[in-house]
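Numbering (our numbering), first residue to last: 12 to 83.
Glycine residues also receive a C-beta, built at the ideal position from the N, C-alpha and C atoms.
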Amino acid sequence: MALVKRSLSLHGHRTSLALEPEFWEVVDGFTGTERRSLASLIAEIDDNRDPDDPLSSAVRVWALHQVKAAGT
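Take a look at the structure:
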């Protein structure tokens with residue numbers, strides 16, 4: 012499956028994030044339900060990740076946790 016790239020502002024800087032569509036589906040579902048912007052969610056994930064981990068990996072792990080929590 013091809014990665015989907017989106018651009019956003021993160022802490023005042025433009026950046027892009029590439030994820031598989033399935034991960035974007037989880038992110039989009041959360042931002043829609045919580046009435047939250049994509050940038051604010053990604054900034055929160057960025058603030059809480061290990062600086063040695065890529066942001067894309069941190070978002071994937073966050074999405075996995077969301078799916079697991081929804082299933083319990």
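Specify the secondary structure class of R46 as computed by DSSP and reduced to three states. Coil at R46, not helix or strand.
So A50 and L19 are supposed to be a Cβ contact under 8 angstroms. How far apart are they, rounded? The beta-carbon separation of A50 and L19, rounded to 5 angstroms, stays under the 8 angstroms limit for a contact.
Can L21 and S67 be called in contact, C-beta distance under 9 angstroms? Between L21 and S67, the C-beta gap is not smaller than 9 angstroms, which leaves the two residues out of contact.
Euclidean distance between Cα positions of V38 and K79: K79 has its alpha-carbon roughly 14 angstroms from the corresponding atom of V38.
Cβ neighbours of V15 in the same chain (closer than 8 angstroms, five flanking residues each side left out): Closer than 8 angstroms at the Cβ level, and outside the excluded window around V15, lie A29, L30, E31, P32, W35.
Taking only runs of the alpha helix (DSSP H) that begin and end inside the stretch 47-75, which ones reach a length of at least 4 residues, in chain order? Taking only runs of at least 4 residues, the alpha helix (DSSP H) segments lying wholly in the stretch 47-75 are 49-59.
Using 10 angstroms around the beta-carbon of A81, count the other beta-carbons present and answer buried if the total reaches 16, otherwise exposed. A81 is exposed by the Cβ-count criterion.
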